[in-house]
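Read in order, the letters of the sequence shown are residues -26 to -1, 1 to 343 in mature numbering (1 follows the signal peptide of the UniProt record, and there is no 0). Beta carbons: idealized from backbone N, C-alpha and C, even for Gly. A quick note: this is a predicted structure, and the numbers were derived from the prediction, not measured.
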Amino acid sequence: MRFSLGRLVCVLAILSCVFISFVAKASNLITGAGSSFIAPVLYKWASQYKNETGVKINYQSTGSGAGIKQIQGKIVDFGATDMPLNSEDLETKGLTQFPAVIGGIVIITNIQGVSQGQLILNAQTLAEIYSGQIKNWNDKRIAELNPHVTLPNKGIIVVYRSDASGTTYNFTYFLEKSAPSIWKSGSGTAISWSSSIMGVGGKGNEGVTNMVKRAPGAIGYVEYAYALQNKMAWTRMFNAEGKLVPHLTESEFADDKKVSQAFRHSFQAAALNAEWEKTSGMGVLLANQNGAASWPITAATFILIAKQQENASIGKDVLKFFHYAFTKGAETAESLDYIPIPEKTVKLIEKNWSKEIKSLKDKSSLWDL
């Protein structure tokens, strides 16, 4: 009996050590899911943050819709969405949100003989392509915008997101606002695409990029970093003021540095007048903004986090990570052609953290200003 009791004590001691080790490891892990729009920069931030602090960020690029579901279901510590939630949804779900980064959605194509920056589109032709009213690349409506380009008599393969996507939400919001007489499908993370298009879906920005790469005659919409990293042929656009953006000469199209500078300038111009503090839940939509240099399909990614944190330690770690992203991670964001959140807005965000994000156990604030 003594022998058995001794063994039992020994086993319990071992299990106790294993449990403590597990908890210690768990406290060095933050989980997140959602937007593929933010994924390129979030992965970079995560790598840098782990090197500096030892805390691992496990982020899954599942799409905005899945990110919302997973944070609501308490499966992850934070969600990321390019479609901001309204104040009623935030209240119902017990969440708060804040913008993490700003970027642009660009149109990419795979047309033989047409390279980066050569093709020009506007909201009307884009809406006609995605609603099936324009089916061929040599359609006169596209040709009128592109007298300098030899367009093939080839069918357009329309690539869209197959998952619930904030990128789709911002893209269709742009079409709805800028070409309402043509675009009748509304805006949302998932759209009933017209049966008139020759279309195919791709999962995530990654999937759309790969589909366009593989399909001659294809067109798609992706966050700019995906176009840049995959050397895709991007399209210039007319913006809300009728100006062609980004502002580049043909000789500059192949100069990645100048192209990136021009796109960043256009994203920044669109974000310039964003009134974060006056918008419910800070949910500012940046598509179709005025400004001669504004990129027409600019968007922000929003982070979702529970107001009442069951594990205060993890809640604090999430906030520390995004504080790092806002401060030390700003240069990284710019290197990938995102626009960092302005310092003034960061102060507002962190003030909201102090007010809204609390320990469920003792109701204490998890963020000290």
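Could you tell me which residues DSSP puts in a beta bridge with residue i?
i	result
residue 219	211
residue 276	55 and 73
residue 198	In DSSP, residue 198 forms no bridge with anything.
residue 332	282 and 339
residue 326	Its beta-bridge partners do not exist; DSSP assigns none.
May I have the straight-line CA-CA distance separating residue i from residue j, to the nearest angstrom?
i	j	result
residue 38	residue 125	35 Å
residue 196	residue 155	24 Å
residue 23	residue 304	13 Å
residue 218	residue 94	8 Å
residue -1	residue 296	Because the pLDDT of residue -1 is 49, which lies under 50, any placement of that residue in the model is unreliable, and the number read from its coordinates should be weighed accordingly. Their backbone Cα atoms lie some 19 Å apart in a straight line.
residue 139	residue 276	13 Å
residue 312	residue 76	6 Å
residue 54	residue 257	13 Å
residue 300	residue 341	15 Å
residue 174	residue 252	39 Å
residue -3	residue 14	In this prediction, residue -3 scores a pLDDT of 37, lower than 50, which makes its location untrustworthy; the coordinate-derived value is nonetheless stated afterwards. Looking at the two C-alpha atoms, the distance is approximately 28 Å.
residue 211	residue 157	17 Å
residue 264	residue 246	10 Å
Over the uninterrupted beta strand (DSSP E) stretch that includes residue i, give me the two end residues.
i	result
residue 175	172 to 176
residue 75	69 to 84
residue 146	Per DSSP, residue 146 belongs to no beta strand (DSSP E); it is in the alpha helix (DSSP H), 140 to 152.
residue 34	30 to 34
residue 103	No beta strand (DSSP E) contains residue 103, which is instead part of the alpha helix (DSSP H) from 97 to 104.
residue 5	3 to 8
residue 17	Unbroken run through residue 17 is the alpha helix (DSSP H), 13 to 27; no beta strand (DSSP E).
What are the boundary residues of the alpha helix (DSSP H) that includes residue i?
i	result
residue 306	304 to 309
residue 233	230 to 245
residue 394	Outside the displayed span of the chain (-26 to 343) sits residue 394, for which this structure offers no information.
How would you label residue i, buried or exposed, when you count the other beta carbons within 10 angstroms and need 16 or more for buried?
i	result
residue 102	buried
residue 323	buried
residue 127	exposed
residue 338	exposed
residue 332	buried
residue 188	exposed
residue 192	buried
residue 87	exposed
residue 25	exposed
Touch check for the region 267 to 275 and the region 235 to 255: three-plus C-beta pairs under 8 Å? yes
Determine, using beta-carbon pairs with one atom in the region 221 to 229 and one in the region 280 to 292, whether at least three such pairs fall under 8 Å. no
Contact between the region 179 to 187 and the region 65 to 73: three or more CB pairs below 8 Å? Segment contact: the region 179 to 187 against the region 65 to 73, fewer than three CB-CB distances shorter than 8 Å; contact not assigned.
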